[in-house]
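There are 2 protein chains.
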Amino acid sequence: MKPFRIGALSRRTGVHIETIRYYERIGLIPEPPRAGGRFRSYDDGDVARLGFIRRCRELGFSLDEIRDLQALAQGGAHSCAEAARTARRQLAAINGKLKDLRRMQKTLQALTRNCVNENEPAPACPMLETLMQV
Amino acid sequence: MKPFRIGALSRRTGVHIETIRYYERIGLIPEPPRAGGRFRSYDDGDVARLGFIRRCRELGFSLDEIRDLQALAQGGAHSCAEAARTARRQLAAINGKLKDLRRMQKTLQALTRNCVNENEPAPACPMLETLMQV
DNA sequence: CTTGATTCTGTAGCGGCTACAGATGCCATA
DNA sequence: TATGGCATCTGTAGCCGCTACAGAATCAAG
Numbered sequence: 004m005k006p007f008r009i010g011a012l013s014r015r016t017g018v019h020i021e022t023i024r025y026y027e028r029i030g031l032i033p034e035p036p037r038a039g040g041r042f043r044s045y046d047d048g049d050v051a052r053l054g055f056i057r058r059c060r061e062l063g064f065s066l067d068e069i070r071d072l073q074a075l076a077q078g079g080a081h082s083c084a085e086a087a088r089t090a091r092r093q094l095a096a097i098n099g100k101l102k103d104l105r106r107m108q109k110t111l112q113a114l115t116r117n118c119v120n121e122n123e124p125a126p127a128c129p130m131l132e133t134l135m136q137v
Numbered sequence: 004m005k006p007f008r009i010g011a012l013s014r015r016t017g018v019h020i021e022t023i024r025y026y027e028r029i030g031l032i033p034e035p036p037r038a039g040g041r042f043r044s045y046d047d048g049d050v051a052r053l054g055f056i057r058r059c060r061e062l063g064f065s066l067d068e069i070r071d072l073q074a075l076a077q078g079g080a081h082s083c084a085e086a087a088r089t090a091r092r093q094l095a096a097i098n099g100k101l102k103d104l105r106r107m108q109k110t111l112q113a114l115t116r117n118c119v120n121e122n123e124p125a126p127a128c129p130m131l132e133t134l135m136q137v
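Chains as they are written, first to last, in our numbering: chain U, 4 to 137; chain S, 4 to 137.
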């Protein structure tokens, strides 16, 4: 496989060009060699690395956590236990957010239920009334 | 009721002092008069205003949306319909986030299920394996 | 020869705070 | 009277994870 440029890497991974450069800047991906001293030059390994990052992002991991997961994947000992711990922490965070969002959803549903779509001015709007009460 | 200072307003509303000043800076709450030309001076109206903002924030509205909702609550005509529209938009956004989070939750659960808490190095970690696959 | 595509570097902006630094003033205690 | 502590003040910079420019260089196609 021939090496390719940042645009191709972006197309292959679905990660924006600017984001790829950003990841490089913060040291999440290595600085690639430059073709002709000018263009960043990538290969399949970079596609894999970036895909790993993208999948982790889709699971909600922070870039710092992904840095750790990458290191674990490179594989010192005890990697699996630590990775699993990170994942369970993330799962707990997600469960917390789900709880919050479900509460918001419930409240908003209740607020809009009373609010039929009439052109009432504010004093007659049940939702705004409720929000204004202490 | 006597007017009070920012610390008291913060205690009464549960909104941090710096956040109150931030809201003032971006024009979400009005500039209060200064007691002795020095200290911001608030009253019950400010408690109500800030409470409104806090409740809206807890429902996930952006500060810009809250600006709109405040204006609607001051009450021109058609306020109720517009407020309800804003709320339903917000509800839709929340439903979208819930969907995303549930997907993350499911995936993470699946990933960690296979990952018993053993001290396996990375090549034997089912979670990292999966994340590394294309 | 122009146009458009792609890449480059560098910097600034987003939202919604949060965390300082450094000054000022006031009250209570020693 | 000196001192310490508290609350407040202004202003600025930082957080995260991008995103959006500006302005230059290079190349291929028409």
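All residues carry an ideal CB built from backbone N, CA and C; glycine is no exception.
Inter-residue Cα distance where the pair is residue i and residue j
{"i": "residue 100 of chain U", "j": "residue 117 of chain U", "result": "26 Å"}
{"i": "residue 108 of chain S", "j": "residue 32 of chain S", "result": "38 Å"}
{"i": "residue 77 of chain S", "j": "residue 5 of chain S", "result": "24 Å"}
{"i": "residue 131 of chain S", "j": "residue 68 of chain U", "result": "13 Å"}
{"i": "residue 90 of chain S", "j": "residue 106 of chain U", "result": "14 Å"}
{"i": "residue 144 of chain S", "j": "residue 94 of chain U", "result": "A query on residue 144 of chain S cannot be resolved here, the shown segment of chain S reaching from 4 to 137 and no further."}
{"i": "residue 27 of chain U", "j": "residue 20 of chain U", "result": "11 Å"}
{"i": "residue 45 of chain S", "j": "residue 102 of chain S", "result": "42 Å"}
{"i": "residue 111 of chain U", "j": "residue 75 of chain S", "result": "17 Å"}
{"i": "residue 113 of chain S", "j": "residue 136 of chain S", "result": "15 Å"}
{"i": "residue 82 of chain U", "j": "residue 25 of chain U", "result": "27 Å"}
{"i": "residue 59 of chain S", "j": "residue 60 of chain U", "result": "29 Å"}
{"i": "residue 70 of chain U", "j": "residue 37 of chain U", "result": "24 Å"}
{"i": "residue 64 of chain S", "j": "residue 41 of chain S", "result": "33 Å"}
{"i": "residue 55 of chain U", "j": "residue 39 of chain U", "result": "28 Å"}
{"i": "residue 88 of chain S", "j": "residue 115 of chain U", "result": "9 Å"}
Below-8 Å beta-carbon distance, residue i vs any chain U residue
{"i": "residue 111 of chain S", "result": "yes"}
{"i": "residue 82 of chain S", "result": "yes"}
Contact with chain S by residue i, beta-carbon distance below 8 Å
{"i": "residue 11 of chain U", "result": "no"}
{"i": "residue 4 of chain U", "result": "no"}
Distance CB(residue i)-CB(residue j) smaller than 8 Å
{"i": "residue 53 of chain S", "j": "residue 23 of chain S", "result": "yes"}
{"i": "residue 43 of chain U", "j": "residue 8 of chain U", "result": "yes"}
{"i": "residue 128 of chain U", "j": "residue 11 of chain S", "result": "no"}
{"i": "residue 66 of chain S", "j": "residue 29 of chain S", "result": "yes"}
{"i": "residue 97 of chain S", "j": "residue 104 of chain U", "result": "yes"}
Cβ-heavy atom distance, residue i to the ligand FMN, below 7 Å
{"i": "residue 6 of chain S", "result": "Inclusion of the ligand FMN in the displayed structure is not the case, the ligand content being empty and no account of it being possible."}
(message) Is it the case that the stretch 12-31 of chain U contacts the stretch 45-57 of chain U, given that we only count it when at least three CB pairs across the two stretches are under 8 Å?
(response) Contact between the stretch 45-57 of chain U and the stretch 12-31 of chain U is present, because at least three Cβ pairs lie under 8 Å.
(request) Please list the residues of the stretch 52-66 of chain S that have a C-beta atom closer than 8 Å to any C-beta atom in chain U, keeping them in chain order. (result) 54, 55, 58, 59, 61, 62, 63
(request) Could you name the residues of the stretch 10-42 of chain U whose beta carbon sits closer than 8 Å to any beta carbon of chain S, in the order they occur along the chain? (result) none
(request) Residues of the stretch 90-116 of chain U with a CB closer than 8 Å to any CB of chain S: list them in chain order, please. (result) 90, 91, 93, 94, 97, 98, 100, 101, 104, 105, 107, 108, 110, 111, 112, 114, 115
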